[in-house]
Structures are given as C-alpha cells and as structure tokens.
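Step one of this worksheet: look at the structure below.
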Amino acid sequence: MVLCTKCGKEKAIIHVRHRNMYLCKKCFITYFNIEAEATLKKAGILDNVSGKLITVAVSGGKDSLNTLYLMKKLAEKYGFEVNALLINEGIRGYREFTIKAFLNHVKNLRLDYTIVDLKKELGFTVDEAAKLFFQGKIEWRPCTVCGITRRHLLNKYSRGLGASYLATGHNLDDEVQTVVMNILRGDIQALV
Numbered sequence: 071m072v073l074c075t076k077c078g079k080e081k082a083i084i085h086v087r088h089r090n091m092y093l094c095k096k097c098f099i100t101y102f103n104i105e106a107e108a109t110l111k112k113a114g115i116l117d118n119v120s121g122k123l124i125t126v127a128v129s130g131g132k133d134s135l136n137t138l139y140l141m142k143k144l145a146e147k148y149g150f151e152v153n154a155l156l157i158n159e160g161i162r163g164y165r166e167f168t169i170k171a172f173l174n175h176v177k178n179l180r181l182d183y184t185i186v187d188l189k190k191e192l193g194f195t196v197d198e199a200a201k202l203f204f205q206g207k208i209e210w211r212p213c214t215v216c217g218i219t220r221r222h223l224l225n226k227y228s229r230g231l232g233a234s235y236l237a238t239g240h241n242l243d244d245e246v247q248t249v250v251m252n253i254l255r256g257d258i259q260a261l262v
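Note that the working numbering has the sequence shown beginning at 71, numbered continuously upward.
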C-alpha cells in the first residue's frame, strides 16, 4: 500500500505524475483547491469578480461538477455569486443520469440553477440530429451539432441570467482529444 506523500498516514488514491506525489483523498482535495485557485489568480481571473455573477456550465460529469464545487468555494472567499446552467441536449440513455447528478449537486451546494431543453429551444434533440446525419440528410456530425447548439444556448442563457462570466469544466485533455479526433478524421476545417 502506498501512503500519501503529504500526510504520510492515509492510503494514496491518486498519483499526481507531474509532481510525483501520491495523495490520499483529503490531501488531493486540498491540493486541487490550492492549485486551481493559484491558476485562476495567476491568470488574473479573480481580480475583479467581487459582486459579479459567474454562471457555471454543467454537464453533470465530473469535470463540470468539480468546477461548480470549486467556484462555489471561491465565491465565498472572493465575494461573487454563482449559479449553474445545464443544457439538456436530449441524448437518451445519458442525459437523464447526468441531470440527476446535477440536481443532487446543486441541492447540496444550495445553488440556483437553470436547465434548458434543446428540443423546446430549437425544435430538435441531438439524437434527432444524429439520426438525420446517419441517414445522409444533414452533413453535420452529431458532435458538431451538439457543440454549436450547446455553446449558443450557454451564451444566451448566461447573459440572460445576468452573468459577467461563464465558466466551463473543460481541461487540456478535452482540447487534445478534439484535435486528435479531427486529425484522425482528416477534418482540416475543424482544426482551423
């Protein structure tokens, strides 16, 4: 059993490779919070947020739920407001589970939230767009349709809610995955 590098007492649950540290759950949460805050400070993001509203785009996955948790924690320290925004794209077998996780999380954090339904807003779901794509009736891949419509609705609703900023849970792995996926597809237009 590998012990936590920081406390030396608890069993390590994660290896932070770039720091060569093994951390237990408690020490990892502390490390994550400190690193995230330092990164946001270094980028100047926390300099002028006091009194403003930050809307967090939440998918219901671990990255966006952690972003929401972090922003709630930082809001208490830096004096800004936080709310959550989820776009229901209508992806059967996926979205109903992430909405459940989302609702549980916002309830625990005692945050206001908005759920926007793609079908009600734009008249179709991503599942319906996927069907049309695979039938050869539209040229846009389901991921393209989802990305464009989600971004449009996130921007529209965060502005409508009065947010000064829109935070997402995207990370470098997401960006690399998108680039590699487009290279493998030979989709040069998507890389531009």
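C-beta atoms are modelled at their ideal positions from N, C-alpha and C, and glycine is treated no differently.
Please read these numbers as outputs of a predicted model, since none were measured by experiment.
Three-state secondary structure assigned by DSSP to His85: strand
Expected contact under 8 Å - CB spacing of Val126 and Val152 to nearest Å: 6 Å
Sequence-distant residues of its chain with Cβ nearer than 7 Å to Pro212 (five each side left out): Val196, Ala199, Ala200, Phe203
Segment limits, beta strand (DSSP E) that includes Glu151: 151-158
The beta strand (DSSP E) enclosing Ala106, as first and last residue numbers: Not the beta strand (DSSP E): Ala106 falls in the alpha helix (DSSP H), residues 95-112.
Beta strand (DSSP E) segment containing Val72, residue limits: From DSSP, Val72 is part of no beta strand (DSSP E); its letter is neither H nor E.
Coarse secondary structure for Tyr227, derived from DSSP in three states: helix
Any 3 or more C-beta pairs closer than 8 Å across the region 239-253 and the region 121-140: yes
For Ile157 and Arg220, believed in contact at Cβ under 8 Å, the rounded distance: 5 Å
Simplified DSSP state of Ala199, which is helix, strand or coil: helix
For Thr125, the three-state DSSP class (helix, strand or coil): strand
Cβ-based neighbour list, Ala154, same chain, cut-off 6 Å, excluding 5 preceding and 5 following: Val126, Val128, Leu138, Val176, Leu181, Tyr183
Beta-carbon spacing of Ser81, Leu73 below 8 Å: According to the sequence provided, residue 81 is Lys. The question's Ser does not apply to it. Result yes, Cβ atoms of Lys81 and Leu73 sit closer than 8 Å.
Endpoints, the alpha helix (DSSP H) within which Asp133 is located: 132-148
Close Cβ partners of Glu159 (< 6 Å) along its chain, the five nearest in sequence each way excluded: Leu188, Val196, Cys216
Where Ala233 falls: helix, strand or coil (DSSP): coil
Local conformation of Thr184 per DSSP, three classes: strand
In DSSP terms, what Met91 is bridged to: Val86
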